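Going down the list, the sequences are from chains A and B.
Take 1 as the starting number for the first sequence in full-length UniProt numbering and just add one per residue.
Take 1 as the starting number for the second sequence in full-length UniProt numbering and just add one per residue.
Quick reminder that beta carbons are idealized off the backbone N, C-alpha and C, glycines included.
What you are looking at is a predicted structure, and each value in this text was computed from that prediction instead of being measured.
In what follows, a single structure is set out as structure tokens and then discussed.
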Amino acid sequence: MKPTVIRNGRLLCPAHGLDQTGDLYLADGNIVAINEAPAGFVAEREIDATGLLVMPGLVDLSARLREPGFEYKATLASEMAAAVAGGVTSVVCPPDTDPPLDEPGLVTMLRQRARNLDLARVYPVGALTKGLNGEDLTELAELRDAGCVAFSQANHPIVNLQVLYRAMQYAATFDIELRLRAQEPTLAGDGVAHDGEYASRLGLTGIPVIAETVAINTITELMRVTGARVHLRLVSSAAGLALVRQAKSDGLPLTCDISINHLHLADIDIGYFDSLFRFDPPLRSVRDREAIHTALLDGTIDAICSDHTPVDDDAKLVPFAEAEAGATGLELLLPLTLSWADAHKVPLHLALARITTAPAAMLGFEASLRPGCRADLALVDLDDYWMVTPAALKSQGKNTPFNGREVRGKVKYTLVKGKVVYTA
Amino acid sequence: MKNPQLDANKALIHLLSTEGLPRAVLEQILDRAAEYVTEMEQGHKKFPVLPGKSVFNLFFENSTRTRTTFEIAAKRLSADVINLNINASSTAKGETLLDTIHNLEAMGADLFVVRHAQSGAAHLISQHVKPGIAVVNAGDGRHAHPTQALLDMYTIRHFKGDFTGLRVAIVGDILHSRVARSQIHALSTLGCPEIRVIAPKTLLPVGVEQLGVHVYHDMAAGLKDVDVVAMLRLQNERMSGAYLPSTQEFFKYYGLTADKLALARPDAIVMHPGPMNRGVEIDSAVADGHQAVILPQVTFGIAVRMAVMALVAENQARAVAHNKGYAA
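So this is what it looks like as structure tokens:
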């Protein structure tokens, strides 16, 4: 990269509370100084950030890139372009590709292809079981050495608790983190919506909250005896969050996230069977959504992710229960986090910490403007309001329940390793 | 949110659910059905309402009874009727639901009568058909069966005159029943002050009270002093999946027998959407007894389905003419 100076931006660092107008100096892929140029620094590139927020790049804990196997839904190239357009500089991708990421060669190939694109950084999550079958462990240590940052089943269940128990014992042996969905499959059954009054009204099969709470209780009990580190993906209910809060206060090495969809939407938004509102876990009640807001503020929820899932139109133009779950989200992670902060008067640095500092810490690096840290940055015009439309999104996935909504915050530049990878 | 069944003038253009329909629309359907009943009693069997129109009976789920009544109703309105039984597995092999619909549109369909195993299927179709084509829901998953509920309302009105002083009990598998949901919404809208549901806890949907019903688990308490007993069909597959231990036990506690019916008002009527499982949800003595109105329900069902198809077709035609007027 060329030595670069970002001039006159609003430097906001959620990690150490910095919020001031100034200049940021970048060299060798890192931030080297704030305001005062280091001795001998000669800028070869200058970016005028007047009127822009300069913040660490977003870290998205769950974004499906769809390669290999689902190129008709999205490609690595299209989704990495979407990531940097959304200010996302680090992308954690779940293993539910086809084939799933259950062999070191697949992981190596994915990382190599991502490196060749030279946009955002990619952090693969390996499959916990072969083919995500829920039965046979993958080579966790080998896969970790190939670059997997953690292991998960994506949305595939482990029915046999003996398998989960041993997976946690084995992972704890190597201090490997597991990312688990908290959903007891036998209680979730063939449900497609939150088991509440609205699903009853629509005649949709429900997934009860107890599917989540029973699973969290099981996982935390197994954590106590195995010592495994666990990150719970997409906790959806008030009762589930109360259990996470308790487990954390008991000192268990437990973290969790939620998605932008569950941050903003509830079951009643399904309206007349709108399949764009089909999610896994399902959108829960308004009361559950309120609990998500509280849990974000008190730190029970560590991070907000996009749970980016590009789905082709054909998979949505079917009856609700047959529709594929998920929505596109990489380019909405920042604006929808900002909308939440605005609506609930959450201080900006606290809100942004949930999509930068906190998820970065889980990946073992510091997302910060401090000298010495990675020059992975997003330059954002907070006063740019824009309409979510298919044409406004770079992702190949155009499916989003936020279509037609006006959102705040447009990324103008994205830098990875000090290099500009996106300009609006 | 705009009700997709109504046009800008609140006229019925599709019938998808009884939920959210104004009382005036429900009464309009019942009144129109009453006219057909009167005329048919005088021997009229053919009405020149839909001549040259093509009604497609699109059944993705098996049903002989409902399909036949729709067929008879459409023929009495002078429409051409095409029956299609589309096995769900053949759609799974390739053609999507909407591809099927668009193909049939191309063959000149004017009105689709749709039954589908998935809740919301009729809504989906109504959102994607061309302007001028009406959709009538003949049952979607557990969601709605509006023509059944409307014929039930017709039957109640016929025998009881009015809804505003009635106690109605709906008995049986509420959880899986599209009939029950549609009955509850229709009864509420028509002013019925007390709707009861009677079932074991495994056969009640979460939050059913919020639909405006009183929940009973005991038949004796639930049937006390009711004016109408609406029985539901119990599917055999409920014996698996731990909903119920056996049909015998269900009949003992929730089957309608003469003894239990005696707790209701002496002039109470007994309805059933058919086909009945005698000895499972209803005893033969009751099914064939003087309080049963199960066969009149079938007769009224033809008139109600005629009324629904006539109204949606007329309103669609008016909407299309109106839009053409704008275009010109």
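Continuous alpha helix (DSSP H) stretch holding residue i: start and end
i: Thr423(A); result: No alpha helix (DSSP H) contains Thr423(A), which is instead part of the beta strand (DSSP E) from Lys419 to Thr423.
i: Tyr123(A); result: Run containing Tyr123(A): none in the alpha helix (DSSP H); it sits in the beta strand (DSSP E), Arg121 to Ala127.
i: Leu336(A); result: Leu333 to Ala343
i: Val286(A); result: Val286 to Leu297
i: His217(B); result: Here His217(B) belongs to no alpha helix (DSSP H), and DSSP marks it neither H nor E.
i: Gly105(A); result: Pro104 to Leu117
i: His185(B); result: Arg178 to Thr189
i: Leu348(A); result: Leu348 to Ala353
Residue burial classification, residue i (beta-carbon count within 10 angstroms, cutoff 16)
i: Thr129(A); result: buried
i: Pro245(B); result: exposed
i: Gln396(A); result: buried
i: Pro319(A); result: buried
i: Asp264(A); result: A small fix is needed here, since residue 264(A) is His in this sequence, not Asp. His264(A) is buried by the Cβ-count criterion.
i: Ser259(A); result: buried
i: Gly40(A); result: exposed
i: Gly172(B); result: buried
i: Val159(A); result: exposed
i: Thr154(A); result: A small fix is needed here, since residue 154(A) is Ala in this sequence, not Thr. Under this definition Ala154(A) is a buried residue.
i: Gln297(B); result: buried
i: Arg201(A); result: buried
i: Pro390(A); result: exposed
i: Gly87(A); result: buried
i: Phe174(A); result: exposed
i: Lys398(A); result: buried
i: Gln148(B); result: buried
i: Pro347(A); result: exposed
Range of the contiguous beta strand (DSSP E) that encloses residue i
i: Gly409(A); result: Glu406 to Val416
i: Thr21(A); result: Leu18 to Ala27
i: Met271(B); result: Ile269 to Met271
i: Leu180(A); result: Glu177 to Arg181
i: Asn399(A); result: Taken as a continuous stretch (DSSP letters only), Asn399(A) belongs to no beta strand (DSSP E), as it is neither H nor E.
Residues sharing a beta bridge with residue i, DSSP
i: Glu46(A); result: Val5(A)
i: Met387(A); result: Glu406(A)
i: Gly87(A); result: Paired residues: none, contrary to the question.
i: Asp381(A); result: Lys410(A)
i: Gly206(A); result: Ala193(A)
i: Val171(B); result: Ile198(B) and Met231(B)
i: Ser54(B); result: Asp80(B)
i: Ser152(A); result: Ala127(A) and Arg179(A)
i: Asn85(B); result: Phe59(B)
i: Cys373(A); result: Partner(s): none; Cys373(A) has no beta bridge.
i: Ala63(A); result: His308(A)
i: Leu9(B); result: According to the sequence displayed, residue 9(B) carries Asn and not Leu. Paired residues: none, contrary to the question.
Pick from the options that is closest to residue i, judged by C-alpha positions
i: Thr138(A); options: Ala167(A), Ala360(A) and Thr300(A); result: Ala167(A)
i: Met109(A); options: Ala82(A), Thr75(A), Ile258(A) and Ala146(A); result: Ala146(A)
i: Asp259(B); options: Ala180(B), Lys224(B), Ile125(B) and Ile174(B); result: Lys224(B)
i: Asp288(A); options: Ala242(A), Gly251(A) and Asp307(A); result: Ala242(A)
i: Gly196(A); options: Gly206(A), Ala341(A) and Gly105(A); result: Gly206(A)
i: Arg32(B); options: His322(B), Asn323(B) and Gly301(B); result: Gly301(B)
i: Ala74(B); options: Phe59(B), Ser63(B), Asn85(B) and Pro48(B); result: Pro48(B)
i: Val286(B); options: Val229(B), Tyr253(B), Gln297(B) and Tyr243(B); result: Val229(B)
i: Ile355(A); options: Met1(A), Ser90(A), Ile34(A) and Ile47(A); result: Ser90(A)
i: Pro371(A); options: Glu322(A), Asn8(A) and Cys13(A); result: Cys13(A)
i: Phe151(A); options: Pro3(A), Val107(A) and Glu366(A); result: Val107(A)
i: Glu322(A); options: Glu406(A), Arg45(A), Asp274(A) and Ala171(A); result: Asp274(A)
i: Gly364(A); options: Ile6(A), Leu61(A), Lys2(A) and Gly22(A); result: Leu61(A)
i: Arg181(B); options: Ala310(B), Gly212(B) and Leu50(B); result: Gly212(B)
i: Leu297(A); options: Arg278(A), Asp250(A), Asp307(A) and Ala353(A); result: Ala353(A)
i: Gln325(A); options: Pro104(A), Thr400(A) and Ala367(A); result: According to the sequence provided, residue 325(A) is Ala. The question's Gln does not apply to it. If we check each option's Cα against that of Ala325(A), Thr400(A) comes out closest.
i: Asp280(A); options: Gly418(A), Val42(A) and Ala327(A); result: Ala327(A)
i: Lys394(A); options: Val214(A), Glu177(A), Arg10(A) and Ala77(A); result: Ala77(A)
i: Ala268(B); options: Gly165(B), Ala34(B) and His214(B); result: Gly165(B)
Residue i - DSSP class collapsed to helix/strand/coil
i: Met231(B); result: strand
i: Asp313(A); result: helix
i: Met55(A); result: strand
i: Ala24(B); result: helix
i: Asn261(A); result: helix
i: Val208(B); result: helix
i: Phe273(A); result: coil
i: Ile158(A); result: coil
i: Gly240(A); result: helix
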